[in-house]
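The block underneath contains the structure these notes are about, expressed in structure tokens.
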Amino acid sequence: MAFESHNASTDELDLAVSDLGPLAWVLDELRKSLDTATKAVKRFVRDAEAARGSDLATIDTSALRIARQQVHTSVGALNMVGLNGPATVLRSMEQTVQGFVQRPDRCDETMSTHFERASFALIQYLDATVAGKPLSPVNLFPQYKALQEFLAAERIHPADLWDFEQSRTDARLSFETTPATPSAALRAEMDKWVLHVVKSGDTAAAKSLRDRFLALHAGASAPLDRLWAVTAATFEAIALGLLPLDLYVKRMPSRVLSAFNQVLKGEEAPQ
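All you need for my numbering is the position in the sequence shown, starting with 1, plus 809.
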């Protein structure tokens, strides 16, 4: 497969069950549009390579412009059926094609391959959804990241593909622990443990952080309790070896500690 499987949220599962009809129609049209766009990009790459060293401005971009418009229409179709994560990836593909039109010199075999892989992954994702086996949009992040890097995006993060409003839950965790509140002493402990987790993936430190955030969750009210619960779950996943320490995971603790500091200062609770 083009990507690893991540479980979809309950809302995504409900969406797949209720909207299979419209999605099936969108998928058929999208498949045709992406096939046309991929072929147009490949052809454009060949023309651009042949024109290297001469005037790239003379290359015919009409087919590429038509392909961009088709992809643009497909973005709206995915948004219409509520697939905002995949639509975000498709929007990046549209912007990539537009970037080729504006800067033919940047259209090379590597970017053509990235575009084709994104097209394949997106269709594979939607095929699985239509078949009643929906996946999380985060599965599309590797392809999305490659396109966003070409576009020189300021922010590139897996959360770009999440629908926060749909995925939020107010359910409280049930467990035995002593409730805690943010304090300077607790922050000092966390600094030490976070350093061990980020530097070496220390499982003991990750478990300590999990326990502290569970205690914070027990002592907090909405919406802060949700943040502490998600943070505790993340550290537990790290402790169990279920969440690889990539760049994005390593950035998480510093952002959570920043939120912790906001609470200590009496500022508005992070959402």
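Here a beta-carbon is modelled for each residue, glycine too, at the ideal position from N, C-alpha and C.
In this text the structure is predicted, and so the values were computed from the model without any measurement.
Go through its chain and collect everything with a Cβ distance to T1043's Cβ below 8 Å, but skip five positions before and after it.
As a working note, residue 1043 is residue 234 in the sequence shown. The answer, listed in chain order, is L1052, V1058 and M1061.
Evaluate L960 with the Cβ neighbour count: other Cβ atoms within 10 Å of its Cβ, from every protein chain shown; 16 or more gives buried, anything less gives exposed.
Your numbering for residue 960 matches position 151 in the sequence shown. Exposed.
Is it right to say P752 is buried, meaning 16 or more other beta carbons lie within 10 angstroms of its own, or is it exposed?
Missing from the structure shown is residue 752; the chain here goes from 810 to 1080 and no further.
What's the call for T870, buried or exposed, on a 16-neighbour Cβ count within 10 Å?
For the purposes of this step, residue 870 is taken as the residue at position 61 of the sequence shown. T870 comes out buried.
To the nearest angstrom, report how far apart V913 and A872 are at their CA atoms.
In the sequence shown, residue 913 corresponds to position 104, counting from 1. In the sequence shown, residue 872 corresponds to position 63, counting from 1. The residue asked about is misnamed: residue 913 is Pro in this sequence, not Val. Going from the Cα of P913 to the Cα of A872 covers about 13 Å.
Alpha carbon of T897 to alpha carbon of V854, nearest angstrom:
Position 88 of the sequence shown, counted from the first residue, corresponds to residue 897. Position 45 of the sequence shown, counted from the first residue, corresponds to residue 854. If you take the alpha carbons of T897 and V854, they lie about 24 Å apart.
Which stretch, first to last residue, makes up the alpha helix (DSSP H) that contains L1051?
Position 242 of the sequence shown, counting from 1, holds the residue named residue 1051. Here L1051 belongs to no alpha helix (DSSP H), and DSSP marks it neither H nor E.
Under DSSP, the alpha helix (DSSP H) around A946 begins and ends at which residues?
In the sequence shown, counting from the first residue as 1, residue 946 sits at position 137. Going by the sequence as given, residue 946 is Pro instead of Ala. DSSP places P946 in no alpha helix (DSSP H); its state is neither H nor E.
Cutoff 8 Å; reference V1003; Cβ partners in own chain excluding five residues on either side:
Your numbering for residue 1003 matches position 194 in the sequence shown. Around V1003: A1014, L1018, P1062, S1063 and L1066.
Exposure of N1070, with buried meaning 16 or more beta-carbon neighbours within 10 Å:
Stepping through the sequence shown from its first residue, residue 1070 is reached at position 261. Exposed: under 16 other Cβ atoms inside 10 Å.
Three or more C-beta pairs closer than 8 Å, one from the segment 928 to 937 and one from the segment 985 to 998: is that the case here?
As far as the Cβ criterion goes, the segment 928 to 937 does not touch the segment 985 to 998, which means the pair count is below three.
C-alpha gap between L1054 and I868, whole angstroms:
Taking the sequence shown and counting its residues from 1, the one referred to as residue 1054 is at position 245. Taking the sequence shown and counting its residues from 1, the one referred to as residue 868 is at position 59. Rounded to whole angstroms, L1054 to I868 spans 44 Å at the Cα level.
Delimiting residues of the alpha helix (DSSP H) encompassing A1027:
Here residue 1027 is taken as the residue at index 218 of the sequence shown, counted from 1. Taken as a continuous stretch (DSSP letters only), the alpha helix (DSSP H) holding A1027 covers T1012 to A1027.
Could you pull out every residue in the same chain whose Cβ sits closer than 7 Å to the Cβ of A1029, ignoring the five residues on either side in sequence?
Along the sequence shown, one-based indexing puts residue 1029 at 220. Closer than 7 Å at Cβ, skipping near neighbours: W1037.
V850 and F909 - do their beta-carbons sit closer together than 8 Å?
Taking the first residue of the sequence shown as 1, we reach residue 909 at position 100. Taking the first residue of the sequence shown as 1, we reach residue 850 at position 41. The answer is yes: Cβ separation under 8 Å.
Applying the criterion that 16 or more other CB atoms from any shown protein chain within 10 Å of the CB defines a buried residue, is E1076 buried or exposed?
Translated into the one-based positions of the sequence shown, residue 1076 becomes position 267. By the neighbour-count rule (16 or more Cβ atoms within 10 Å), E1076 is not buried but exposed.
With 16 other Cβ atoms within 10 Å as the buried cut-off, status of P831:
Residue 831 sits at position 22 when you count from the first residue of the sequence shown. P831 comes out exposed.
Just to confirm my understanding: we take L836, look at its own chain, exclude 5 residues before and 5 after, and list those with CB closer than 8 Å. What are they?
Taking the first residue of the sequence shown as 1, we reach residue 836 at position 27. Within the same chain, I932, L935, D936 and V939 come within 8 Å of L836 by CB-CB distance, once the 5 residues on both sides are set aside.
What is the DSSP secondary structure of K1074, counted as helix, strand or coil?
By one-based count along the sequence shown, residue 1074 stands at place 265. Per DSSP, reduced to three states, the secondary structure at K1074 is coil, with no helix or strand assignment.
In whole angstroms, what separates the C-alpha of S1009 from that of L1023?
Along the sequence shown, one-based indexing puts residue 1009 at 200. Along the sequence shown, one-based indexing puts residue 1023 at 214. Approximately 23 Å between the Cα atoms of the pair.
For a test of the three-state rule: what should DSSP assign to A930, helix, strand or coil?
Start at 1 with the first residue of the sequence shown, and residue 930 comes out as number 121. Here A930 sits in helix by DSSP.
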